[in-house]
Amino acid sequence: MTKRRFLSRAKKPSATGSSWFQFINWKLVSLWLLVAFLIGCLILGVWAIYLDKVVREKFDGKKWALPARVYSRPLELYEGLPITPSLYEQEMEALGYRTPAAASSGLTASGQMMRHAASATEVSYTVFTRGFEFWDKHEEAQKYTLRIDAGKVASLVDAKGVALPLVRMEPEEIGGIYPNTVEDRLLVKLNGLPPLLGETLLAVEDKHFLEHHGVSPEAILRAMWVNLREGDVVQGGSTLTQQLVKNFYLTQKQSLSRKIPEAIMSLLLELHYSKSQILETYINEVYLGQSGSREIHGFALASQHYFRKPLIELNTQEVALLVGLVKGASYYNPWRKPERAKERRNVVLSVMQIEGLIDEKQMHTAQASPLGLAAETDESLVNYPAFVDLVKRQLKQDYQESDLRSEGLRIFTTLAPMVQRQAEKSVLARVAQLEKQYKIKDLQASMVVTSVGSGEILALIGDKNPRYTGFNRALDAHRQIGSLIKPFVYLTALEQPQTYQLGMPLSDDPVSIKSGDGKIWEPKNAENISHGTVPLYQALAHSYNQATARLGMLLTLKAVAKTIKAAGYNGDVPLIPAMLIGAVDMSPIEVAGMYHTLAAEGVYTPLHVIREVLNAEGQPLKRYSLELDQRFTVQGTFELQYALQAVLREGTGRSVYNSFPESLPLAGKTGTTNDQRDSWFAGFSGEHLAVVWVGRDDNSQTPLTGAGGALQVWADLMRQIPTQGVNQQAPEGMSFEWVDSHTGLLSAEQCEGALWLPMRDEQKPKDSAECKIKEITEEHWWKKIFLR
Amino acid sequence: MKRNFSVIFLLSIVAQLGGCGSNVKPQPSAPVVDSVIPIEPSIVTTPEVSSAPIVLAPVTPQIQTPAPSPASNAIASLAVQARAQYQAKNYQAAIAIAERGLRIDRRAPELYLLLAQSYFQLANTPLALQFVQQGIRYAQAGSEVAQGLLKIKDALPH
Chain A
25 MTKRRFLSRA KKPSATGSSW FQFINWKLVS LWLLVAFLIG CLILGVWAIY LDKVVREKFD
85 GKKWALPARV YSRPLELYEG LPITPSLYEQ EMEALGYRTP AAASSGLTAS GQMMRHAASA
145 TEVSYTVFTR GFEFWDKHEE AQKYTLRIDA GKVASLVDAK GVALPLVRME PEEIGGIYPN
205 TVEDRLLVKL NGLPPLLGET LLAVEDKHFL EHHGVSPEAI LRAMWVNLRE GDVVQGGSTL
265 TQQLVKNFYL TQKQSLSRKI PEAIMSLLLE LHYSKSQILE TYINEVYLGQ SGSREIHGFA
325 LASQHYFRKP LIELNTQEVA LLVGLVKGAS YYNPWRKPER AKERRNVVLS VMQIEGLIDE
385 KQMHTAQASP LGLAAETDES LVNYPAFVDL VKRQLKQDYQ ESDLRSEGLR IFTTLAPMVQ
445 RQAEKSVLAR VAQLEKQYKI KDLQASMVVT SVGSGEILAL IGDKNPRYTG FNRALDAHRQ
505 IGSLIKPFVY LTALEQPQTY QLGMPLSDDP VSIKSGDGKI WEPKNAENIS HGTVPLYQAL
565 AHSYNQATAR LGMLLTLKAV AKTIKAAGYN GDVPLIPAML IGAVDMSPIE VAGMYHTLAA
625 EGVYTPLHVI REVLNAEGQP LKRYSLELDQ RFTVQGTFEL QYALQAVLRE GTGRSVYNSF
685 PESLPLAGKT GTTNDQRDSW FAGFSGEHLA VVWVGRDDNS QTPLTGAGGA LQVWADLMRQ
745 IPTQGVNQQA PEGMSFEWVD SHTGLLSAEQ CEGALWLPMR DEQKPKDSAE CKIKEITEEH
805 WWKKIFLR
Chain B
3 MKRNFSVIFL LSIVAQLGGC GSNVKPQPSA PVVDSVIPIE PSIVTTPEVS SAPIVLAPVT
63 PQIQTPAPSP ASNAIASLAV QARAQYQAKN YQAAIAIAER GLRIDRRAPE LYLLLAQSYF
123 QLANTPLALQ FVQQGIRYAQ AGSEVAQGLL KIKDALPH
């Protein structure tokens with residue numbers, strides 16, 4: 025009993041202690057749980073606050089780094105513009121103009137055009153333009169009819185048949201300056217969407233977008249059930265808001281740890297922002313394709329990428345394809361997997377019909393239609409890399425690199441796509457032909473084309489492969505320019521009219537010159553032949569080294585160097601005699617800068633590639649105005665242009681003369697360096713100047729002279745672009761006279777050796793040479809031009 | 003044509019009698035011996051002339067006057083727009099439009115006038131002068147445009 029009592033006693037405290045401890049333990053656990061819960065809540069709260077900050081900071085701030093967009097010059101159409109149907113059509117095709125599907129109903133929307141051929145040379149076009157925000161004003165969309173006849177615009181009228189003085193087309197986008205992420209997008213607002221796009225997107229991706237608060241539990245449960253049943257992730261339960269959060273804030277990794285913040289951020293996003301703000305951001309954010317390293321984001325850029333037209337111009341089936349790509353732009357790539365893409369598009373079209381967005385007939389018509397894709401673009405980031413390289417270099421003088429890559433600047437350049445395309449064709453085809461002809465492989469080429477007078481660079485090629493983005497030979501390859509220097513020697517002379525004129529006799533006898541270090545320099549003519557006494561202009565036309573060296577030394581090296589500098593060359597000119605026949609290293613763009621001054625009748629204008637810069641909102645930031653400076657007399661450059669025309673008529677460039685119409689006077693100069701390492705030609709019409717270099721990167725010998733290589737490329741280009749001839753009107757204080765080639769005295773047309781040359785009034789000799797009547801066999805070329 | 007030639011031929015003989023005096027012209031000298039020392043051209047005699055001296059008067063072909071710019075409507079339209087901007091004192095806008103016109107026809111004197119006037123108003127004297135000079139080259143002497151250009155030239159500080 026005692027023992028039992030003891031036991032019971034002993035047991036009781038024990039029992040009491042146990043429950044106490046149990047009580048204490050439970051309390052402690054509860055407390056710990058409470059503390060843990062509170063800490064968890066606190067952490068969750070802090071985390072939520074942090075996520076809220078993240079959500080708001082990015083959404084309220086600058087959402088994306090926007091690349092600078094680079095545009096070509098806009099094509100200006102007016103009566104009298106020289107253009108061929110083929111060039112016009114290429115330009116319109118590049119701008120994405122299409123013939124409407126139902127031609128009978130005429131033009132119904134912007135971006136459409138129709139062709140009406142009347143004869144082989146006469147073609148009319150009716151066009152419905154797109155509006156565009158230019159530097160100076162917004163050009164409204166309009167309809168016009170253009171008739172091209174005999175290589176020029178014969179008439180330009182509006183939809184009512186009223187004559188239009190001028191139509192400015194929208195420019196072609198030729199490239200961009202991209203952020204390091206290489207994400208590219210064109211921003212669009214909801215009111216800029218085609219009506220079907222938003223509704224189709226919601227119908228396919230998130231039917232209940234307008235009802236939920238960022239997360240849809242029903243959709244998640246439904247997706248979980250389907251995925252469990254299939255044993256794989258086959259359906260997502262994400263709302264459109266969650267998709268945006270995933271793309272905009274988080275990684276693409278599929279994991280539970282990502283799902284939680286995704287859900288919280290979706291709720292927060294919906295808490296702070298309206299449905300329309302979220303939808304607009306989604307439409308600009310979503311990934312819709314790839315072009316090389318460039319990521320295509322947003323529907324607006326995707327529209328340009330796949331269909332080469334603005335979003336607003338998309339039809340039903342095109343909208344369906346883009347919405348279908350949201351599910352997997354790579355998997356449904358319409359160029360690589362057209363059948364798969366078409367199937368996906370047709371599923372979207374079915375959804376559109378079920379949701380009542382289109383009727384059954386529309387669905388069937390759309391499902392039967394082809395994908396209607398534009399040709400797949402080159403995978404490079406820019407269409408014309410050498411040109412855009414120069415644009416970047418000029419922009420960096422005024423803008424920071426980071427701004428160029430992220431501020432969405434709009435850069436309006438001088439590139440003329442129709443000239444650039446022809447220049448590319450000329451270089452590609454001719455270099456390939458030369459390599460084949462001479463059985464060589466590693467020829468390279470570059471070209472610069474400018475407009476005469478404005479100093480605008482219209483085309484630039486830095487490699488024989490115009491899409492190559494590496495070494496830009498047009499800017500960075502400094503090579504000896506050979507005889508391209510000679511016009512500046514002669515210009516130095518012609519700027520001294522009291523002493524020099526085109527018809528004066530010049531000795532081409534051998535010459536030896538002792539340089540400062542005692543060495544003797546003896547330049548030789550190309551074929552080691554001396555030509556005795558020749559008229560000054562013929563020495564240039566035939567590129568005689570001996571005559572030129574002699575003349576240059578008379579003028580002094582300093583005077584010639586001064587002319588070269590005044591023409592626009594900013595580098596150092598070595599004051600050595602060999603400089604007179606081209607021992608000066610220059611790049612093609614430097615040569616173009618100097619020759620532009622010759623082409624523009626002595627007016628120096630810095631070459632440039634940018635016209636205007638606008639910010640992302642379309643506000644003007646900077647204009648690059650025309651600058652000019654009359655550096656040489658009009659008379660002196662007119663005489664020089666005459667001599668440079670003789671290069672093509674009777675001198676070293678005559679091999680291409682017959683391929684041009686008689687009525688198109690052109691001027692230029694060949695250049696060949698020692699051992700034919702460099703083949704150059706610089707030449708111009710009244711509107712276009714082009715400088716071409718052909719050679720090898722390792723500076724080794726080639727089989728090409730200036731006439732055999734570069735001149736051929738130049739001629740190929742000039743034959744293809746509509747242009748006007750060099751000015752033939754003698755300026756004030758000058759007139760043409762018959763001059764005796766032996767004496768420089770006055771002569772007459774019927775006299776042997778008579779040359780018809782421009783002369784300044786004060787240069788005209790008082791005396792005449794004796795004359796021996798010659799039999800006139802052919803009219804002088806200059807007269808043919810005047811009397812045509 | 004043949005008759006005209008004969009008349010010119012006879013007249014030229016009469017006109018040029020005694021025109022075969024001393025035929026002396028400057029000509030560059032023999033090779034230079036030092037690359038940095040300039041040498042004056044020396045005087046040389048002309049080569050022997052032919053044995054049957056008949057002297058003809060120079061004949062100048064009839065030169066056609068240049069046709070008006072094929073883009074005259076476009077230029078006129080832009081000139082009107084630029085003028086309106088100029089009158090509204092929007093000189094930069096006037097310059098931009100005038101430059102647009104020069105890209106179409108770089109010999110349009112009215113556009114040079116607008117540029118010269120705009121730069122004059124912006125007190126950019128060097129550019130105003132350059133555009134005056136170019137405009138004068140292309141303007142018809144005595145025309146309204148030429149007079150306008152000369153007026154600016156006179157107003158510019160010398």
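Protein chains in written order, with the working numbering: chain A, 25 to 812; chain B, 3 to 160. Even for Gly, the Cβ is constructed at its ideal location relative to N, Cα and C.
Own chain residues within Cβ distance below 7 Å of residue i, not counting five before or after
i: VAL415(A); result: VAL94, ILE435, THR437, VAL633, ILE634
i: GLU337(A); result: ALA133, SER134, GLY135
i: GLU237(A); result: A quick correction: the sequence has His, not Glu, at residue 237(A). Cβ neighbours of HIS237(A) beyond the five flanking positions: LEU291, GLU294.
Separation of residue j from residue i, as counted between CA atoms
i: PRO241(A); j: LEU291(A); result: 12 Å
i: VAL46(B); j: ILE605(A); result: Residue placement at VAL46(B) is flagged as unreliable, the pLDDT there being 29, under the threshold of 50; the coordinate-derived value follows with that caveat. Rounded to whole angstroms, VAL46(B) to ILE605(A) spans 25 Å at the Cα level.
i: THR726(A); j: PRO630(A); result: 33 Å
i: ARG139(B); j: GLY626(A); result: 12 Å
i: LYS270(A); j: ASP76(A); result: 15 Å
i: ALA59(B); j: GLN669(A); result: Confidence at ALA59(B) is low in this model, with a pLDDT of 40, below 50, so its placement is unreliable and the value that follows should be read with caution. The alpha-carbon atoms of ALA59(B) and GLN669(A) are separated by roughly 26 Å.
i: SER815(A); j: ARG491(A); result: Absent from the model: residue 815(A). The displayed extent of chain A is 25 to 812, so no value can be given.
i: LEU335(A); j: GLY216(A); result: 8 Å
i: LEU131(B); j: ALA118(B); result: 7 Å
i: GLU309(A); j: PRO91(A); result: 14 Å
i: PHE662(A); j: ASN751(A); result: 8 Å
i: THR263(A); j: VAL212(A); result: 22 Å
i: GLN267(A); j: VAL372(A); result: 19 Å
i: VAL412(A); j: VAL637(A); result: 14 Å
i: SER554(A); j: TYR149(A); result: 58 Å
i: GLU103(A); j: ALA110(B); result: 16 Å
i: GLY710(A); j: LEU690(A); result: 8 Å
i: ALA73(B); j: LEU397(A); result: 38 Å
i: VAL658(A); j: MET758(A); result: 10 Å
DSSP beta-bridge partners of residue i
i: HIS321(A); result: ARG209(A), TYR311(A)
i: TYR628(A); result: ASP653(A)
i: THR169(A); result: THR150(A), VAL181(A)
i: ARG139(B); result: Bridge partners of ARG139(B): none, in fact.
i: ARG192(A); result: GLU100(A)
i: SER470(A); result: TRP717(A)
i: GLN504(A); result: ASP609(A)
i: ARG139(A); result: TYR149(A)
i: GLU761(A); result: LEU781(A)
i: VAL558(A); result: LEU530(A)
Environment of residue i [buried if 16+ CB atoms lie within 10 Å]
i: TRP50(A); result: exposed
i: MET387(A); result: buried
i: TYR355(A); result: exposed
i: SER792(A); result: buried
i: GLN665(A); result: buried
i: GLY155(A); result: exposed
i: PRO219(A); result: exposed
i: CYS65(A); result: exposed
i: ILE745(A); result: buried
i: SER53(B); result: Residue confidence for SER53(B) is low, a pLDDT of 35 falling below 50, so the modelled location carries little weight; the figure read from the coordinates is stated next. Counting Cβ neighbours within 10 Å, SER53(B) comes out exposed, since fewer than 16 surround it.
i: GLN753(A); result: exposed
Own chain partners of residue i with C-beta closer than 6 Å, once the 5 adjacent residues on each side are dropped
i: TRP762(A); result: SER771, ALA772, GLU773, ALA778, TRP780
Beta-carbon proximity list for residue i, same chain, < 8 Å, skipping 5 on both sides
i: ALA214(B); result: As displayed, chain B neither begins before 3 nor continues past 160, which places residue 214(B) out of reach and without an answer.
i: GLN136(B); result: TYR114
Check whether the stretch 526–537 of chain A and the stretch 751–770 of chain A touch, using three or more Cβ-Cβ pairs below 8 Å as the test. yes
With three or more beta-carbon pairs closer than 8 Å as the criterion, would you say the stretch 706–720 of chain A touches the stretch 454–467 of chain A? Contact holds: three or more Cβ-Cβ distances are below 8 Å.
Evaluate contact between the stretch 499–510 of chain A and the stretch 774–788 of chain A, counting only Cβ atoms and requiring at least three cross-stretch pairs below 8 Å. Output reads no: the stretch 774–788 of chain A does not touch the stretch 499–510 of chain A.
For the structure I just gave you, are there three or more beta carbon pairs, one from the stretch 689–707 of chain A and one from the stretch 608–623 of chain A, closer than 8 Å? yes
Stretch-stretch touch, CB-based, cutoff 8 Å, three pairs: the stretch 186–195 of chain A with the stretch 159–176 of chain A: yes
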